[in-house]
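In order, the protein sequence lines correspond to chains A and B. Take the first sequence: its position 202, counted from the start at 1, is 202 in this note's numbering, and no numbers get skipped. Take the second sequence: its position 79, counted from the start at 1, is 1079 in this note's numbering, and no numbers get skipped. Ideal Cβ positions, reconstructed from N, Cα and C, are used throughout, including at glycine.
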Amino acid sequence: MANLRKTHPLLKIANDALVDLPTPSNISLWWNFGSLLGLCLISQIVTGLFLAMHYTSDIATAFSSVTHICRDVNYGWLIRNMHANGASFFFICIYLHIARGLYYGSYLYKETWNIGVMLLVLVMATAFVGYVLPWGQMSFWGATVITNLLSAVPYVGTDLVQWIWGGFSVDNATLNRFFTFHFLLPFMVLAATLVHLLFLHETGSNNPAGLNSDVDKISFHPYFSFKDLLGFAALMLSLVALALFLPYLLGDPDNFTPANPLDTPTHIKPEWYFLFAYAILRSIPNKLGGVLALLSAILVLARVPFLHTSKHRGLTFRPLTQALFWLLVADVMILTWIGGMPAEPPYIIVGQLASIAYFSIFLVLMPSAGYIENSMLEWECKG
Amino acid sequence: MLTTIQPPFIYLLQYTFIKSIFENKYIVISGLVVSHKAPRASSHPNMASRAPVASGRLLSGLRKWYYNLAGFNKLGLMRDDTRYEDADVKEALRRLPEEEYNDRIFRIKRALDLSMKQQILPKDQWTQYEQDRHYLTPYLDEVIRERKEKEEWMKK
């Protein structure tokens, strides 16, 4: 009699994804971040649901409802800390997941990659609207700065911004709808994640050598089920340690002050995971130019599959492009630093140079290095 | 032109011109196609088959340095083992003789196993630059030529 695990309509779906899935034998630590993102999503949804039971999205009570959660709700302080820091871990995992994709040429699975870019945009949108909900100073002013950028859209800009706001400034209507979006978007992320996995399982995973691994596949269970479980333990340990010992390390002190439309903070800046994009936005003195640069900084990822020039898949055997990859990592760290600094000399010119480097590496240097590496190995461009 | 003393870059141009005639599939005289060298399994070029000209030796030295820096030889792989398998490469692999294909599979499986263990081969087992064979190149060139011919035909 055939195994129920392989024949039952529901169980066989789980079996084909988590048990009998043929997996390359050599996938490394960098392949853990996919499952870790799934864990982050579940964690944020669960903690978020519990927060939503006690949060109120009216501007008169939003800030104090968060205080109420932290002080009066049983373990509310822990749920709130886990949710706030869970967002940071979500971005740590997503940036490392994308870096893995760039380094090992996983983007050549184009459908999976494109859905991944959509997921990044959805997660960023979720985090953006979510940060507004506590209704602190940085919540309000961050929302004001970023939503105002939409006014740069030609002709319809002002109307577009007021439509998003539900009024003539960030106010009660904005906070209410942002709560709705923050509740809804994670479920769209969940659906997109399933489609992301659907396409991934059409091809199977890439591997660090960039070679066709059909000759050396092993079952997902028990090797990678247990490896992922170890990853879960490491992530949860880090998240709980941060939530318990240093809960406000990554936060902004200004968000302990209730939102005041009449008092602009000296330094308005987003959370750390948006700082690199914020630096690119501010590096262009023109409003529309800055907005386009901001969008391009994320959407350049969608161009990466078309900029692949090497005959190799990943960077494992490509020392020139490896150097450029680490230059990109350093550049993003510099942009993150600059995004947190005031828009004054010498940070302005550093940010502009780093922004130029960011786009140059993606659009010019890496494709060129691919051609050079091909010719060094005597691979002519005949295809 | 080879008997007079000239600036070094002229030698490079002459070398490149002569090399291109020998390596071209079509030998062209007065604009007429004279012959077409079909790929033969026995005519595997080596990584090190270079004409002994000063600039050629420099380029060859640079290529050898890069070959070793790339590192796939430390996993016992040859250059053609590491090429990304697009549709053309898949078809070329289908045309490989069985023995070549089996050797390739062995090398790849060994490399994946080493990759899993985060190890490399002992130095005496590394693929040497001079011993690397472009076993796939003749078949791949033929596949690409056929595809382009088909695309040209479909345009009509």
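Coarse secondary structure for residue i, derived from DSSP in three states
i          : result
B/Pro-1138 : helix
A/Pro-222  : helix
A/Thr-257  : coil
B/Lys-1156 : coil
B/Arg-1133 : strand
A/Lys-110  : helix
A/Thr-203  : helix
A/Lys-217  : strand
A/Pro-22   : strand
A/Gly-339  : helix
A/Gly-167  : coil
A/Gly-388  : Only positions 1 to 383 of chain A appear in the structure, and residue 388 of chain A is not among them; the question remains open.
A/Gly-210  : coil
A/Gly-136  : strand
A/Ser-283  : coil
A/Ala-302  : helix
A/Tyr-308  : Before going further, note that residue 308 of chain A is His rather than Tyr in the sequence given. Three-state DSSP puts A/His-308 in coil, outside helix and strand.
A/His-54   : coil
A/Asp-331  : helix
B/Gln-1119 : coil
B/His-1036 : Below a pLDDT of 50, predicted positions are generally treated as unreliable, and B/His-1036, at 36, falls in that range; the measurement from the model is reported next regardless. Three-state result, B/His-1036: strand.
Below-8 Å beta-carbon distance, residue i vs any chain A residue
i          : result
B/Asp-1103 : no
B/Leu-1058 : no
B/Asp-1124 : no
B/Thr-1127 : no
B/Tyr-1066 : yes
B/Ser-1020 : Residue confidence is low: B/Ser-1020 scores 45 on pLDDT, short of 50, so the model does not pin down where it sits. Its coordinate-derived value is still stated next. Output row for B/Ser-1020: interface = no.
B/Gly-1031 : Any answer about B/Gly-1031 is weak, because its pLDDT of 35 lies below 50 and its placement is not dependable; what the coordinates show is given next. Closer than 8 Å: no.
Contacts that residue i makes with chain B (C-beta to C-beta distance below 7 Å)
i         : result
A/His-221 : Correct list: empty, because the minimum Cβ distance to chain B is about 17 Å.
A/Asn-26  : Leu-1112, Ser-1115 and Met-1116
A/Arg-313 : Tyr-1084
A/Pro-208 : Ser-1115
Own chain partners of residue i with C-beta closer than 7 Å, once the 5 adjacent residues on each side are dropped
i          : result
A/Phe-50   : Ile-79
A/His-312  : Gly-210 and Arg-318
B/Arg-1095 : Tyr-1139
A/Gln-94   : According to the sequence displayed, residue 94 of chain A carries Ile and not Gln. Only Leu-37, Leu-120 and Val-123 meet the Cβ criterion.
A/Leu-150  : Gly-157, Leu-160, Val-161 and Ile-164
A/His-267  : Pro-342
Cβ separation of residue i and residue j, assumed to be a contact under 8 Å, to the nearest whole Å
i          : j         : result
A/Leu-451  : A/Val-304 : In the structure displayed, chain A extends from 1 to 383; residue 451 of chain A sits before or after that span and is not available.
B/Leu-1069 : A/Pro-208 : Going by Cβ atoms, the distance from B/Leu-1069 to A/Pro-208 rounds to 18 Å, so no, they are not a contact pair.
A/Leu-175  : A/Ala-125 : Going by Cβ atoms, the distance from A/Leu-175 to A/Ala-125 rounds to 16 Å, so no, they are not a contact pair.
A/Leu-39   : A/Leu-235 : 6 Å
A/Thr-336  : A/Trp-272 : 7 Å
A/Leu-122  : A/Ala-192 : 6 Å
A/Glu-378  : A/Thr-321 : Not really, about 17 Å apart at Cβ, beyond 8 Å.
A/Leu-18   : A/Phe-220 : 6 Å
A/Tyr-278  : A/Pro-270 : 6 Å
Chain B contact for residue i (CB, 8 Å cutoff)
i         : result
A/Met-376 : yes
A/Leu-230 : no
A/Gly-370 : no
Chain B contact residues for residue i, given Cβ-Cβ distances below 8 Å
i         : result
A/Phe-317 : Ala-1070, Gly-1071, Phe-1072 and Thr-1082
A/Leu-29  : None at all; the shortest Cβ gap to chain B is about 11 Å.
A/Asn-212 : Glu-1085 and Ile-1108
Nonlocal neighbours in the same chain, by C-beta distance under 8 Å from residue i, ignoring five residues either side
i         : result
A/Asn-85  : Leu-239, Leu-242, Ala-243, Pro-247 and Leu-250
A/Thr-257 : Gly-136 and Gln-137
A/Lys-6   : Lys-12, Asn-15 and Asp-20
A/Val-350 : Ile-334 and Ile-338
A/Ala-263 : Looking at the sequence itself, residue 263 of chain A is Asp, so the reference to Ala does not match. Excluding residues within five positions, the ones whose Cβ falls inside 8 Å are Gln-137.
Closer than 8 Å at the beta carbon, the chain A residues around residue i
i          : result
B/Lys-1109 : Val-215 and Asp-216
B/Arg-1063 : Met-376, Leu-377 and Glu-378
Chain-ordered neighbours of residue i on chain A, where CB pairs are closer than 7 Å
i          : result
B/Arg-1079 : Leu-377
Own chain, CB closer than 6 Å to residue i, minus 5 neighbours either side, in chain order
i          : result
A/Pro-22   : Lys-217
A/Gln-352  : Ser-283
B/Arg-1107 : Gly-1076, Leu-1077 and Asp-1081
A/Gly-130  : His-182
A/Val-132  : Ser-139, Ala-143 and Phe-178
A/Ser-57   : Leu-175, Asn-176 and Phe-179
Chain D contact for residue i (CB, 8 Å cutoff)
i         : result
A/Pro-134 : Reference to chain D is not applicable here, since the protein chains of this structure are A and B.
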